Amino acid sequence: MRLTRDSRVAVMGAGAMGRGIAAVAAAAGHQVYLYDQDAAAAAAAPDAIAADWAGLVRAGKWTPERLDAARRRLRPVAQLSELADAALAIEAIVERLDAKQELLRRLEEVLPAEAVLASNTSSLSITALAAGLRHPQRMLGLHFFNPATRMKLVEVVSGLSTAPLLADSLCALMRDWGKTPVATASTPGFIVNRVARPFYAEALRLLQERACAPATLDALLREAGGFALGPLELMDLIGHDVNFAVTQSVYQAMQQDSRFRPSPLQQELLAAGRLGRKSGHGFYDYSQAKPTPEAVPPQDPPAAVRVRGGLGVAEPLLARLQAGGVRVERDPGPAQGWLEWESLRLALSDGRSATRRAADSGHAGWAVFDLALDYASVRRLALAVADQAAPEVAARAEGVLQAAGLLVSRMDDAAGMAVLRTVAMLANEAADAVGQGVAMADSVDLAMRLGTAYPCGPLAWADRLGNDFVAQTLDALYAHYGDERYRVSPLLRRLALSGGRFHD
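Just so we're aligned, residue -12 is where the sequence shown starts under the working numbering, counting upward by one.
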């Protein structure tokens, strides 16, 4: 069915998310019913929404007349029977399967036969929610992101029984509401909560291995990776109770696939009541000043370096070295080559530890640096040095990167470092989502940019790096850990072998 501005919308749940969805629908011109099992909460919701709109009036974005008209379109109701003429009902109640199923069954009794039922669930199966309905074909997911009034993304989720054209109709409606919809199948975590799991999981593993301090790890993901927040500070912001629950939900729904395995480190934080900002303590103690990321002291720069082959996506570092007064000499070699200064060999990580590269090559003086979103402008890079290297190798590697104008943060020699392993795992999970028919590549990248503010869609990032390089990185991680979580997605493997891309 085609939903228009004249279609009446019902929102169940007058909490923050329900009020946000109601505000979006009313602002788009719909008459909106608000229902909550707590009638007082429903009654108070229109004034709370109008108070938020008042900020738009003060900012000059709305007129007072527009606010008054939108406020009149909000109507709290005390009984579900008052929703009998609603064309779309969106539930945003507690995240419990039994509670949502019961509400949806009650809605089916009072709504018109052609009305659409939608759930704002972030983690429950749309197929399971629809299973108890007489007409499951009219049920789908509309997963708004918090705050719903500001976040553009809406995941439009089809269950096994959802009518084929219903998602298209709701995508059109979401565009009318000023949102950016992405269509996805009903699988654990949908797109965003599934693909984002490695962003947290790899940081937790690195922290568990004591690869570097929390503030340094977050700084590397922000300053080198281009992410808005580092994974540890983001988990503190979300709340470890919430983040762990989503991870646990996806892990169980994915039949305990090791890619989604919860971290014992995060479980310990929960046991200690360290939930993050909401409790005043998580990875960081919010009663204290935030720790400063670590950076090594200045080292002597080289007069000249020799490059064997190329540095791949890190080639812009050579121009920065030349701008810093370092002479760069080139010799033929592999596309993913290295830079030499006396006994130092310095290269972009390929997923192997520096220690492994030293063992593989028979040359002790290896050091590796991490991936960056843009080597022409990055200000901080991580560096790791082989266990076999002489003490002066570290100083030389630090001096080279500092000569390119970089802050250098030392990491323990963890395979894949910080940014590279995170990006490779994000791309791998995104590739599996595409390969398994969850969503198209464009939709996955769009969802991750809008839903999580990633600087680049993970599949576009893989295309930029080369899918063969991403697969090589994952193979190295798998060899290092022997853990199935690092197995390469079949689709990514095919593209790596064929030289193909996710995007044309």
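Glycine included, each C-beta is placed from N, C-alpha and C at the ideal position. The structure displayed is predicted, hence computed values, not measured ones.
In the structure shown, what three-state DSSP assignment does residue i receive?
| i | result |
| --- | --- |
| Trp49 | coil |
| Met138 | coil |
| Phe356 | strand |
| Tyr187 | helix |
| Arg125 | helix |
| Val365 | coil |
| Tyr465 | helix |
| Thr149 | coil |
| Glu89 | helix |
| Glu101 | coil |
| Leu61 | strand |
| Ser109 | coil |
| Glu95 | helix |
| Phe214 | coil |
| Val179 | helix |
| Ala345 | helix |
| Phe131 | strand |
| Thr167 | strand |
| Glu78 | strand |
| Leu370 | strand |
When you compare only the Cα positions, how much space is there between residue i and residue j?
| i | j | result |
| --- | --- | --- |
| Gly487 | Arg137 | 36 Å |
| Tyr20 | Leu70 | 7 Å |
| Pro278 | Ala371 | 21 Å |
| Ala65 | Met(-1) | 11 Å |
| His227 | Gln254 | 9 Å |
| Leu252 | Arg209 | 22 Å |
| Ile8 | Phe131 | 8 Å |
| Leu111 | Glu82 | 8 Å |
| Leu61 | Arg472 | 48 Å |
| Ala391 | Gln375 | 25 Å |
| Asp34 | His17 | 17 Å |
| Asp172 | Ala154 | As written in the sequence, residue 172 is Ala, which differs from the Asp given in the question. Their backbone Cα atoms lie some 10 Å apart in a straight line. |
| Trp353 | Pro288 | 18 Å |
| Cys158 | His490 | 22 Å |
| Ala150 | Leu129 | 15 Å |
| Ala46 | Asp25 | 33 Å |
| Ala41 | Gly2 | 19 Å |
| Asp72 | Phe456 | 56 Å |
| Ser485 | Met427 | 20 Å |
| Pro175 | Leu452 | 28 Å |
| Arg314 | Leu308 | 8 Å |
| Asp432 | Arg474 | 21 Å |
| Ala28 | Gly260 | 29 Å |
Would a C-beta distance cut-off of 8 Å place residue i and residue j closer than the cut-off?
| i | j | result |
| --- | --- | --- |
| Glu196 | Ala401 | yes |
| Val103 | Ala434 | no |
| Leu140 | Gly438 | yes |
| Ile80 | Ala86 | yes |
| Leu407 | Asp357 | yes |
| Pro396 | Cys199 | Note that residue 396 is Ser in the sequence shown here, rather than Pro. Cβ distance < 8 Å, so Ser396 and Cys199 count as in contact. |
| Val(-4) | Ala12 | yes |
| Asp470 | Ser250 | no |
| Arg(-11) | Ser156 | yes |
| Leu207 | Pro201 | no |
| Ala282 | Leu394 | yes |
| Thr114 | Gly146 | yes |
| His122 | Glu95 | yes |
| Leu116 | Ser106 | yes |
| Met126 | Val143 | no |
| Ala32 | Pro63 | yes |
| Pro378 | Gly422 | no |
| Ala405 | Leu262 | no |
| Thr4 | Asn133 | A small correction: the amino acid at residue 4 is Met; Thr does not occupy that position in the sequence shown. Yes. |
| Ala440 | Ala215 | yes |
| Leu120 | Leu91 | yes |
| Arg181 | Glu416 | yes |
| Leu98 | Ala118 | no |
Answer yes or no: does any C-beta atom of chain B fall closer than 8 Å to that of residue i?
| i | result |
| --- | --- |
| Ala466 | Annotation note: the requested chain B is absent from the structure, which comprises a single protein chain. |
Practice item. Note down, one range per segment and in chain order, each beta strand (DSSP E) of at least 3 residues found wholly within the segment 386 to 428. Key: 394 to 397
Review point. Which parts of the segment 283 to 343 are runs of the beta strand (DSSP E), unbroken and 3 residues or longer, counting only runs that do not cross its ends?
Key: 291 to 298, 314 to 318, 323 to 328 and 331 to 335
Review point. Are at least three pairs of beta-carbons, each pair with one atom in the segment 374 to 390 and one in the segment 184 to 194, less than 8 Å apart?
Key: no
Check your understanding: Are three or more beta carbon pairs between the segment 231 to 238 and the segment 275 to 293 nearer than 8 Å?
Key -> no
Point to revise | Three CB pairs or more closer than 8 Å across the segment 463 to 479 and the segment 335 to 355 | key: yes
Check your understanding: Would you call the segment 262 to 272 and the segment 205 to 223 touching, i.e. three or more CB-CB distances under 8 Å?
Key -> yes
Check your understanding: On the three-pair Cβ rule with 8 Å, is the segment 409 to 422 touching the segment 439 to 448?
Key -> yes
Point to revise | Cβ contact check for the segment 311 to 320 and the segment 342 to 352: 3 or more pairs under 8 Å | key: no
**Study point:** Whole beta strand (DSSP E) elements within the segment -12 to 24, 3-residue minimum
**Key:** -4 to -1 and 19 to 22
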